[in-house]
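Written out below as structure tokens is the structure these notes cover.
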Amino acid sequence: MNNRFLIAWLTGTLAALSAAGLTATAAWLISRAAQHPPVLYLMVAIVAVRTFGIGRGVLRYTERLTGHDAALRILARLRVTVYNHLERDPSTLLGRRAGDLAARYTTDVDTLADWWLRILLPYAAAFATGGAGIALTAWYLPQAAWTLALSLLIVAFGAPWLALRHARTAEARTAPLHGELAASMTTLLRHIGEIIAHGEQDTALASLHTTGKALTHAEQRAASGRGTATALAVLAAGTSVTAALWLAAGTVDPVLLATLVLLPLALHELFAALIPAAAILPRIQAARARIQALETPATPEPAGTLPATYDLRTDNLTARGCTIPDIHIPAGTAHILTGPSGTGKSTLAALAVKLAAPTSGRILLGGTDIATIPGDTLRTTIGLCAQDAHVFDSTLEANLRLAKPDATDAELHAALDAAHLGDWARTLPEGLHTRTGEHGTHLSGGQRQRLTLARALLADFPVIIFDEPAEHLDPRTAAELTRDLLTATAGRTVLLITHQPPPPGIPATSTVTHHDLART
Amino acid sequence: MKPFDPRLLRLAGLPVAAVAGLGAAATGLIIAQAIVLSRALAAAFTGTPPATGTLALLAGLFAARAAVAWATETTAHRASATVKGALRQRLAAHALRLGPAWLSRQRTTEITQLATTGVNALDDYFGKYLPQLVLAVIVPIAVLAVIVPADLISGLTIIVTLPLIPVFMALIGLATAAHTRKRRLALARLGHHFLDVVAGLPTLKIFGRAKAQAQQIQTITSLYRRATLRTLRLAFLSSLVLELLATISVALVAVGIGLRLVHGNLTLATALLILLLAPEAYLPLRAVGAHFHASADGAEAATRVFEILETPPPPAGTRPVPASPAITVHGLTVHHPGRDTPAPRDLSLTAAPGEFVAITGPSGTGKTTLLNAILGFTPTEAITISSTPLPELDPAAWHRHIAWLPQEPRLATGTTIPTGHAFLDDIPPGQLIGEDGAGLSSGQRRRLALARALDRRAPVLLLDEPTAGCDPHREQQIITSLRAAARDGALVLAVSHRPALTAAADKVVTL
Chain C
0 MNNRFLIAWL TGTLAALSAA GLTATAAWLI SRAAQHPPVL YLMVAIVAVR TFGIGRGVLR
60 YTERLTGHDA ALRILARLRV TVYNHLERDP STLLGRRAGD LAARYTTDVD TLADWWLRIL
120 LPYAAAFATG GAGIALTAWY LPQAAWTLAL SLLIVAFGAP WLALRHARTA EARTAPLHGE
180 LAASMTTLLR HIGEIIAHGE QDTALASLHT TGKALTHAEQ RAASGRGTAT ALAVLAAGTS
240 VTAALWLAAG TVDPVLLATL VLLPLALHEL FAALIPAAAI LPRIQAARAR IQALETPATP
300 EPAGTLPATY DLRTDNLTAR GCTIPDIHIP AGTAHILTGP SGTGKSTLAA LAVKLAAPTS
360 GRILLGGTDI ATIPGDTLRT TIGLCAQDAH VFDSTLEANL RLAKPDATDA ELHAALDAAH
420 LGDWARTLPE GLHTRTGEHG THLSGGQRQR LTLARALLAD FPVIIFDEPA EHLDPRTAAE
480 LTRDLLTATA GRTVLLITHQ PPPPGIPATS TVTHHDLART
Chain A
0 MKPFDPRLLR LAGLPVAAVA GLGAAATGLI IAQAIVLSRA LAAAFTGTPP ATGTLALLAG
60 LFAARAAVAW ATETTAHRAS ATVKGALRQR LAAHALRLGP AWLSRQRTTE ITQLATTGVN
120 ALDDYFGKYL PQLVLAVIVP IAVLAVIVPA DLISGLTIIV TLPLIPVFMA LIGLATAAHT
180 RKRRLALARL GHHFLDVVAG LPTLKIFGRA KAQAQQIQTI TSLYRRATLR TLRLAFLSSL
240 VLELLATISV ALVAVGIGLR LVHGNLTLAT ALLILLLAPE AYLPLRAVGA HFHASADGAE
300 AATRVFEILE TPPPPAGTRP VPASPAITVH GLTVHHPGRD TPAPRDLSLT AAPGEFVAIT
360 GPSGTGKTTL LNAILGFTPT EAITISSTPL PELDPAAWHR HIAWLPQEPR LATGTTIPTG
420 HAFLDDIPPG QLIGEDGAGL SSGQRRRLAL ARALDRRAPV LLLDEPTAGC DPHREQQIIT
480 SLRAAARDGA LVLAVSHRPA LTAAADKVVT L
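Here you go:
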């Protein structure tokens, strides 16, 4: 991996050297030619100019490809590292904002790869080339080397710093207005019918206009700071060139004069390209901080074993600000837990499968505290069909086989039937090979829900928790499905969590508790 | 994407003209700087050190270039802010003209995003791309105007090679387009894999498959890398051609003038001037290429906004609405995209002024759709208002006759609490209402919206679940209010599941 970056850096540096070299040798060639020497004396310079002319493009192409190759290899490593951290403690990936967080970690990893490709590599190549240019200048004209070095440093660090500082101030001014505007726009569209029906178009537009105008003003004020970094870079280049001309005239060999004066121009063109790259620095820092926050020290896994019986009991549980009342589900019975949303029902589900840890209290499986059982072992016994169970962007079959890789087609269809999805699946032209789409978007909300149920049934867990299994379904289908779920899992220890009242006609082995779980 | 959208420039107005003017000034300064520098160098070559005045002039030219660069970015971003504001406002206004029927075919989040982050991407279009586009037109012409009289051969070299750049880029683009399109889907799927696995991590853990995925991520990312590199090898070709043509041409020009200098056909000052100016002719073209992709997002968003702005609003009727309208629905059938069965199907009903009609039935049978159709949001010929077909009525006038309680009513910040409604007894009259009814429970929000609808004293009341989430006592109070409204001559049409409400109605229509 590091070799690839070395190659990318080398080719990048050579490409930049070619660009500067083209200017420098061409200036020398012309100056020497002005002394009317035999053409033979110019041959080396002519070949050099032509080589640099071709070399720059070709080297740059090689650099970009090897650089991207190296960055993508780093990406693979970063992805695995981040995944392993998340795997150890996936509790951040639960709950309402889980999708956003997953997306953010993904972007963060990509952003970190940008650090190598868009900052480290260009800076390293620019500095190597700048160093060579400064060394050449220092050899013939030490005074000019100082101004060149200083002006290049200003462009490499001062101008990006100015640009960043400006961007932060502008962001602080406009960010709240952006949020306000998005909210106004959402409200306007969500209530578009009511606004039209009540003839409130003008007031709605006026309120949007007020925010929009404030934003436009803030952006226009921010605009005046934008060009400062560019202007500074031009000034630095000017200072360097003018100083070189002033210092070189009369002191160096006239043949070298044009080279020493034009070299700063070429180097400054190279360095000015660094300014926009620095703009992504705050994003990289934020991404790095978030990824580093994931690095939790590995805690030793407990060594307990699974109990012989599977009754489930909670004991003084609190987690995520919710107090969960004690419940007891005897082995082989079903328990329906109802209560309003937001009162810790889904938290209880996550705690029971050890995807999250309780603040205090215990969950006992067959009398054994699950804290003493390794999570992977526990989850071979306790299963969960979460409200937001993920449907992978793959086929129906692959999503189902996750639960039981060696399942027969008959088993797959039986699971689908139990989840009221079998008839639909049989009508599909591609059958179980039908693609589910990103987050299951090719399916309706109800179909997604039932696919995850089928998957949970297929895994055949001795203890299973269903979190809102009938969400997204109309009341009649919901009642039917709930009854069928309880029938299909008869003899297991079942916890069914729902905010709807339990349907009539549930099997006799089930008990119903309404827990008004309260937030503390 | 269009490289150049006149509609955007018209919206920006004067600042775009200023950016063009600044581009011309920048070109002038580049040429002046090259002339001063080449003359000073030629003089110094023969032993005459540059005068203080020359040095000051050179420094001044650089300072002026810095000022022009600053002014260009500032003006361009001002233009961008103006255009973004105008696009947002026009989009919202036009969405209100197009109405809910149009919006139901769109994704609301997409439209919001378009109006916010979408148009924000125009910053790159105006701030980076447009100024470079201006320079890409002006600079080569001006540079050639200087070089051709000074040295025809150098001028011809540039004239021949410069147009090759866009030609080659277009050719490469054409040759690789099919290939890139084919790749893009596979690439997107591979790139998306990591997100899919991270989002599904809790699910993977539940089925004991999480640990095995780490290896899978490594494998898929390797595939992704290889596929990406295959695509990049082609994608970078166009910039390779661009750089090659630009630098080789400069090298050709440099060698050419060197040789002509040896033979005494050229002065050193002219040769240096050409050497300084030749790269400038290619520079803006290269910059345009680099910024073209950065600006594509913004331009695409703008194109999409213009597309929406050019969608014609539905035709509106002009006929006046009678003071006490009656509603007749005859055979209303509405098909919904993605659903096999229409809802409602062949629905007929009549409702006269002073009548309290309840609409009931299981969810998904088209109760809300019926209200939308009566409001005119679902185009239909099946509804007549006191013998006038609904589409012929002046929609604004019709809406003035209606008080509507939608399923999710809108409560703006600062809504005042209406007085005189028994069912609002749990909301203190001075209660402050935050954005979208913040500070109220969902039941309170609905009842507050209902009170406001009643206070409109409209002859037609369209109410979607007016008593949802109410306790029996308040429900009874609401029913009393609705009965009172009907007694005062209003036509009350209420969609409801609640037996108490349907029992109180004059007529119940079951879907």
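Which chain is which? The protein sequence lines are C and A, in order.
No gaps in the numbering here: position 270 of the first sequence is 269 in numbering that gives the first Met the number 0, and each next residue is one more.
No gaps in the numbering here: position 3 of the second sequence is 2 in numbering that gives the first Met the number 0, and each next residue is one more.
Think of the CB as a built atom: it goes at the ideal place given N, C-alpha and C, for glycine as much as any other residue.
Check, Outcome
"Determine whether the beta carbon atoms of C/V390 and C/G445 lie at a separation below 8 angstroms.", "no"
"Check each residue of the segment 216-231 of chain C: if its Cβ is closer than 7 angstroms to any Cβ of chain A, include it; give the result in chain order.", "E218, Q219, A222, S223, R225, G226, T227, T229 and A230"
"For C/A243, count neighbouring C-beta atoms within 10 Å of its own C-beta (all shown protein chains included) and say buried if the count is 16 or more, exposed if not.", "buried"
"Who are C/I464's beta bridge partners in DSSP?", "C/L383 and C/L494"
"How would you label A/V494, buried or exposed, when you count the other beta carbons within 10 angstroms and need 16 or more for buried?", "buried"
"Among the residues of its own chain, which have a CB less than 7 angstroms from the CB of C/A26, if the five just before and after it don't count?", "A257, T258 and L261"
"Determine the direct distance from the alpha carbon of A/T332 to that of C/I191, and round the result to whole angstroms.", "23 angstroms"
"Please go through the same chain and pick out, in chain order, the residues whose beta-carbon is closer than 8 angstroms to the beta-carbon of A/D393, but skip the five residues on each side of it.", "A315, G316, T317, R318, P319 and V320"
"To the nearest angstrom, how far is the alpha carbon of C/R76 from that of A/S237?", "30 angstroms"
"Relative to the C-alpha of C/L39, which residue among A/G257, A/F193 and A/H334 is closest?", "A/G257"
"Using the rule of at least 16 other Cβ atoms within 10 Å of the residue's Cβ for burial, across every protein chain shown, is C/E62 buried or exposed?", "buried"
"Only counting the same chain, and skipping five residues up and downstream in sequence, which positions put a Cβ closer than 6 angstroms to that of C/A112?", "A70, I73 and L74"
"At what residues does the beta strand (DSSP E) containing A/F355 begin and finish?", "F355 to T359"
"With a cut-off of 8 angstroms, does the C-beta of C/P306 fall near any C-beta of chain A?", "no"
"For the segment 251-277 of chain C, which residues have a beta carbon sitting closer than 7 angstroms to at least one beta carbon of chain A?", "P253, L256, A257 and V260"
"Check whether the Cβ of C/W115 lies closer than 8 angstroms to any Cβ atom in chain A.", "no"
"Report yes or no: is there a C-beta of chain C within less than 8 angstroms of the C-beta of A/E464?", "no"
"To the nearest angstrom, report how far apart A/A16 and A/A58 are at their CA atoms.", "28 angstroms"
"A/R409 touches chain C at which residues, Cβ-Cβ below 8 angstroms?", "T186, R189, H190, E193 and I194"
"Look at the alpha carbon of C/H165 and the alpha carbon of C/A276, and state the distance between them as a whole number of angstroms.", "15 angstroms"
"Is A/V254 closer than 8 angstroms to A/S153 when the C-beta atoms are compared?", "no"
"Which bits of chain C does A/F44 rub up against, with CB to CB less than 8 angstroms?", "S30, A33, P253, L256 and A257"
"Please classify A/I29 as buried or exposed, where buried requires at least 16 other C-beta atoms within 10 Å of its C-beta.", "buried"
"Roughly how many angstroms separate the alpha carbons of C/L187 and A/A100, rounded to a whole number?", "15 angstroms"
"Exposed or buried, A/R180, counting other C-beta atoms within 10 Å across all chains shown (16 or more means buried)?", "exposed"
"Check this for me: beta carbons of A/L410 and A/I416, under 8 angstroms apart or not?", "no"
"Closer than 8 angstroms by beta-carbon distance: list the chain C residues that pair up with A/Q88, in chain order.", "L204, L207, H208 and G211"
"Give the single residue among A/I273, A/R77, A/R285 and A/L265 whose Cα lies nearest to the Cα of C/G56.", "A/R285"
"Report the three-state DSSP secondary structure of A/A503 (helix, strand or coil).", "helix"
"Less than 8 angstroms between the CB atoms is what I'm expecting for A/G98 and C/I283, so what's the real figure, rounded?", "The Cβ separation is near 45 angstroms, so there is no contact."
"With a cut-off of 8 angstroms on the beta carbons, I'd call A/L374 and A/W403 a contact; round off their distance for me.", "7 angstroms"
"Which partner residues of C/D314 appear in the DSSP bridge assignment?", "C/R361"
"Residues of chain C with a CB under 7 angstroms from the CB of A/L194: which are they?", "A101, A102 and T105"
"Express the C-alpha separation of A/I401 and A/A489 in angstroms, rounding to a whole number.", "10 angstroms"
"For A/N264, does the count of other Cβ atoms within 10 angstroms reach 16, so buried, or fall short, so exposed?", "exposed"
"With a threshold of 7 angstroms on Cβ separation, who are the neighbours of A/S294 within its own chain once the five nearest residues in sequence on each side are excluded?", "D123, Y124, K127 and Y128"
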